[in-house]
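> Structure in structure tokens, see below.
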Amino acid sequence: MNGYPMTPIGFVESPIKKPAPPDDFKGVRSRIRILQRFLPALEGLEEEVRLAVLFRFHLSREYSMKVHPRGDLSRPLKGVFATCSPRRPNGTGLSFVRLLDMKGPVLTLTGLDAVDGTPVLDIKPLRYLEETVDHYGSGKGGEIF
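Letter by letter, the sequence shown follows residues 0 to 144 of numbering that gives the first Met the number 0.
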């Protein structure tokens, strides 16, 4: 078996339709429409306001070991793991977002730097990630977020 198959739990609905520089996503409201079979997994989420969203850079077909940060050719090349480039070996992206509203299968949020149609792989409340950092880290959980 090659790779690790992942099933999208939903898809992004965004006014941004094609790849754009990260600054173009600032302040943009977007939505994640959760697939029907995953709706029970949203139970309890209404209390959370900050989320980590894992998604697939579905428009990036190739990856690069080195890239110019933010696509700026005037900046020196860096290893892709030292950047937020979508040209990654596994094509995954991670955004820390603010949940504004949740109605049925639709989550409305800001801070998601993914284009319209992007497959969403997972959603996690930041509160639990911060507790993990606090437990295993320096005792200053949440400061990295």
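Every residue gets a Cβ at the ideal spot worked out from N, C-alpha and C, and that includes glycine. Since the model is a prediction, treat every value here as computed from it, not as a measurement.
#1: Can you grab the Cα-Cα spacing for the pair Arg-69 / Phe-37, in whole Å?
#2: Mind checking who Leu-93 pairs with in its DSSP beta bridge?
#3: For Gly-26, which residues of its own chain have a beta-carbon under 8 Å away from its beta-carbon, when the five flanking residues on both sides are left out?
#4: State the DSSP-derived secondary structure class of Gly-9, mapped to helix, strand or coil.
#5: Can you tell me where the beta strand (DSSP E) with Arg-30 in it begins and where it stops?
#6: Look at Glu-12 and Arg-30 and say whether their C-beta atoms are less than 8 Å apart.
#7: Hey, could you find the ends of the beta strand (DSSP E) Pro-123 is sitting in?
#8: Taking the C-alpha atoms as reference points, what is the distance between Leu-58 and Phe-95?
#9: Relative to the C-alpha of Phe-10, which residue among Arg-55, Leu-72, Ala-51, Glu-45 is closest?
In short:
#1: Near 34 Å, if we compare the C-alpha coordinates of Phe-37 and Arg-69.
#2: Per DSSP, Leu-53.
#3: Excluding five sequence positions before and after Gly-26, the CB atoms of its chain that fall closer than 8 Å to its own CB belong to Thr-109, given in chain order.
#4: Strand, per DSSP.
#5: It spans 28–33 - the beta strand (DSSP E) in which Arg-30 sits, taken as one unbroken run.
#6: Judged by their CB atoms, Glu-12 and Arg-30 are nearer to each other than the 8 Å cut-off.
#7: In the sequence on display, residue 123 carries Lys and not Pro. 118–124 is the extent of the beta strand (DSSP E) around Lys-123.
#8: A direct Cα-to-Cα measurement between Leu-58 and Phe-95 gives close to 20 Å.
#9: Nearest of Arg-55, Leu-72, Ala-51, Glu-45 to Phe-10, Cα basis: Arg-55.
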